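Q:
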Amino acid sequence: SVGSVIRPGNWFFEAVRVQAVLETVTDAIQSEDRVTLEFRSPREDRHLAMIVNPIRKHPFSGVVIVVRDISDLRRIEAMRRDFVSGVSHELKTPLTVIQACTDTLLGGALDDREAAERFLKQIEEQSERLRVLVLGMLQLSRVESGVEVFRFEDVPLSDVIENVFRSLRPLADADNVQLRSTGVVAATVWADHRAVETILNNLVSNAIKNSPANAEVTVTVDRNDDEAVRLIVADQGGGIDPQLHDRIFERFYRVDRDRSRDKGGTGLGLAIVKHVCQTLGATVTVDSRPGRGARFVVTFNAKSRNAAPNDQ
947 SVGSVIRPGN
957 WFFEAVRVQA
967 VLETVTDAIQ
977 SEDRVTLEFR
987 SPREDRHLAM
997 IVNPIRKHPF
1007 SGVVIVVRDI
1017 SDLRRIEAMR
1027 RDFVSGVSHE
1037 LKTPLTVIQA
1047 CTDTLLGGAL
1057 DDREAAERFL
1067 KQIEEQSERL
1077 RVLVLGMLQL
1087 SRVESGVEVF
1097 RFEDVPLSDV
1107 IENVFRSLRP
1117 LADADNVQLR
1127 STGVVAATVW
1137 ADHRAVETIL
1147 NNLVSNAIKN
1157 SPANAEVTVT
1167 VDRNDDEAVR
1177 LIVADQGGGI
1187 DPQLHDRIFE
1197 RFYRVDRDRS
1207 RDKGGTGLGL
1217 AIVKHVCQTL
1227 GATVTVDSRP
1237 GRGARFVVTF
1247 NAKSRNAAPN
1257 DQ
């Protein structure tokens, strides 16, 4: 930034190397009027906003320069743009299908029972896709904003695994994917029961959707060296490039967009997992390579229950 390179006694136009900054200060001096500039720091990846105010005395004697770091503001704006773009894209496809089917039905397909049933089935499927998408966005918004209230208690992971397997069995059976649990499944964690189910449901659902037919999805419970309980979900899918490991937790990001949409994915599952884990004081990591499947590890806080975050 400007302040990091200028010292008392320095000649400004020798100390500062950013041409746009020099031109802005020159404009303010010559016009004797306030001038603003937004630029990127050449030394660090930061967005800076500069205001140059001339000192209004006669004879003219100088300028006051204020530089603010607006990197966080620009990052939030970029996230908002990406979110709006992602939502728009996700809504467009099902709405287009619904509109096309409706137009076809109104255009005469209602008279053909077989065709009408086919189009109505598509409308039903796309409506369900929209419902799941909206519910996912609402859930993510509640968690991020802190509106979601978590009630901490001893949560038996065996109950969580049983509930999640029961709800996702039809999805797994559709592709003949086997669901299996191993390890210390009788372990308990100090957390919110519904939140832990949300985490596991999204991870197992994601694993099923990314698995080939006749594959296996395994949920393992163990403890690390610090005695923290770990919930591990492993699949036999196509794997994920290590360079994408951070990006997969972003809203609407998909490694294989076409496959995810065909399987009914919204692109919000892993983002929800990430934020729920943060709220619980847990962490989520991924270990995966192309062609070797994926292994998601949720590590719960090993501290005492009195240290649980957001204990309600």
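Be aware that the sequence shown starts at 947, since it is given in the numbering used here, and climbs by one per residue. Backbone N, C-alpha and C fix where the C-beta goes; we use that ideal spot for every residue, glycine too. Treat the numbers as computed from the prediction; the structure is a model and nothing was measured.
In terms of residues, what are the limits of the alpha helix (DSSP H) holding residue 1082?
A: Residue numbering aside, residue 1082 sits at position 136 when the sequence shown is read from its first letter. That run of the alpha helix (DSSP H) goes 1059-1091.
Q: If you run the structure through DSSP and keep just helix, strand and coil, what is residue 1110?
A: Position 164 of the sequence shown, counting from 1, holds the residue named residue 1110. Correct three-state label for residue 1110: helix.
Q: With a 10 Å radius around its C-beta and 16 neighbouring C-beta atoms as the bar for buried, classify residue 1003 as buried or exposed.
A: On the sequence shown, position 57 is the one that residue 1003 refers to. That one is exposed.
Q: State the DSSP-derived secondary structure class of residue 999, mapped to helix, strand or coil.
A: Along the sequence shown, read from residue 1 onward, the residue named residue 999 stands at position 53. Residue 999 falls in the strand class under three-state DSSP.
Q: Leaving out five residues on either side along the sequence, give the residues of the same chain with a beta carbon under 8 Å from the beta carbon of residue 1106.
A: Here the question's residue 1106 lines up with position 160 in the sequence shown. Answer for residue 1106: 1139, 1142, 1143, 1146, listed in chain order.
Q: In angstroms with no decimal places, state the Cα-to-Cα distance between residue 1137 and residue 1012.
A: Indexing the sequence shown from 1 puts residue 1137 at position 191. Indexing the sequence shown from 1 puts residue 1012 at position 66. The straight-line gap from Cα to Cα measures roughly 47 Å.
Q: State the DSSP-derived secondary structure class of residue 1239, mapped to helix, strand or coil.
A: For this step, residue 1239 is matched to residue 293 along the sequence shown. Coil.
Q: Does residue 1196 come out as helix, strand or coil in the three-state DSSP assignment?
A: On the sequence shown, residue 1196 is found 250 positions in, with the first residue counted as 1. In this structure, residue 1196 counts as coil in the three-state DSSP scheme.
Q: Considering just the uninterrupted stretch of the beta strand (DSSP E) at residue 1137, what are its terminal residues?
A: Position 191 of the sequence shown, counting from 1, holds the residue named residue 1137. That run of the beta strand (DSSP E) goes 1134-1138.
Q: When you compare each of 1071, 1172, 1220 to residue 1086 by their alpha carbons, which one comes out closest?
A: Within the sequence shown, numbered from 1, the residue matching residue 1086 stands at position 140. Of 1071, 1172, 1220, the residue nearest in Cα terms is 1220.
Q: Around the C-beta of residue 967, are 16 or more other C-beta atoms found within 10 angstroms, so that it is buried, or is it exposed?
A: Taking the sequence shown and counting its residues from 1, one reaches residue 967 at position 21. Looking at its Cβ environment, which holds 16 or more other Cβ atoms inside 10 Å, residue 967 is buried.
Q: Do residue 1040 and residue 1072 count as a contact pair if the criterion is CB distance below 7 Å?
A: The residue you call residue 1072 lines up with position 126 of the sequence shown. The residue you call residue 1040 lines up with position 94 of the sequence shown. In contact: residue 1072 and residue 1040 (Cβ atoms closer than 7 Å).
Q: Which of helix, strand or coil does DSSP assign to residue 1215?
A: Within the sequence shown, the letter at position 269 stands for residue 1215. Note: residue 1215 maps to helix in three-state DSSP.
Q: Residue range of the beta strand (DSSP E) that residue 983 falls in?
A: The residue you call residue 983 lines up with position 37 of the sequence shown. 981-986 is the extent of the beta strand (DSSP E) around residue 983.
Q: State the Cα-Cα distance for the pair residue 1186 and residue 1121, rounded to the nearest angstrom.
A: Position 240 of the sequence shown holds residue 1186. Position 175 of the sequence shown holds residue 1121. Going by the C-alpha atoms only, they are around 21 Å apart.
Q: Thinking just about the alpha-carbon of each residue, which of 1245, 1238, 1236 is nearest to the one in residue 1228?
A: Position 282 of the sequence shown, counted from the start, is the residue given in the question as residue 1228. Here the closest residue by C-alpha is 1245.
Q: Under 7 Å Cβ to Cβ from residue 1055, same chain only, skipping five residues before and after it: list those, please.
A: On the sequence shown, residue 1055 is found 109 positions in, with the first residue counted as 1. So the qualifying residues of the chain are 1061, 1062, 1065.
Q: So, for residue 1007: in the same chain, excluding its five sequence neighbours on each side, which residues have a beta-carbon less than 6 Å away from its beta-carbon?
A: Counted from its first residue, the sequence shown places residue 1007 at position 61. Here the set comprises 1001.
Q: Report the partner residues of residue 1162 according to the DSSP bridge assignment.
A: Looking up residue 1162 in the sequence shown gives position 216. Beta-bridge pairing links residue 1162 to 1124.
Q: Per DSSP, which residues does residue 1102 bridge with? Please list them.
A: Within the sequence shown, residue 1102 is the residue found at index 156, counting from 1. 1134.
Q: Report, in whole angstroms, the separation of the C-beta atoms of residue 1131 and residue 1153, which I expect to be a contact under 8 Å.
A: Walking along the sequence shown from the start, residue 1131 turns up at place 185. Walking along the sequence shown from the start, residue 1153 turns up at place 207. Not really, about 17 Å apart at Cβ, beyond 8 Å.
Q: Name the DSSP beta bridge partners of residue 1231, please?
A: Taking the first residue of the sequence shown as position 1, residue 1231 is located at position 285. In DSSP, residue 1231 forms a bridge with 1243.
Q: Are there 16 or more other CB atoms within 10 angstroms of the CB of residue 1239, so buried, or fewer, so exposed?
A: Residue mapping note: residue 1239 aligns to position 293 of the sequence shown, counting from 1. Counting Cβ neighbours within 10 Å, residue 1239 comes out buried, since at least 16 surround it.
Q: So, under 8 Å CB-CB, residue 975 and residue 1009 are touching, yes? Tell me the CB distance rounded to an integer number of Å.
A: By 1-based counting over the sequence shown, the position of residue 975 is 29. By 1-based counting over the sequence shown, the position of residue 1009 is 63. Correct: roughly 6 Å between the Cβ atoms.
Q: Please report how far the alpha carbon of residue 1118 lies from the alpha carbon of residue 1164, in whole angstroms.
A: Here residue 1118 is taken as the residue at index 172 of the sequence shown, counted from 1. Here residue 1164 is taken as the residue at index 218 of the sequence shown, counted from 1. Approximately 12 Å, taken between the alpha carbons.
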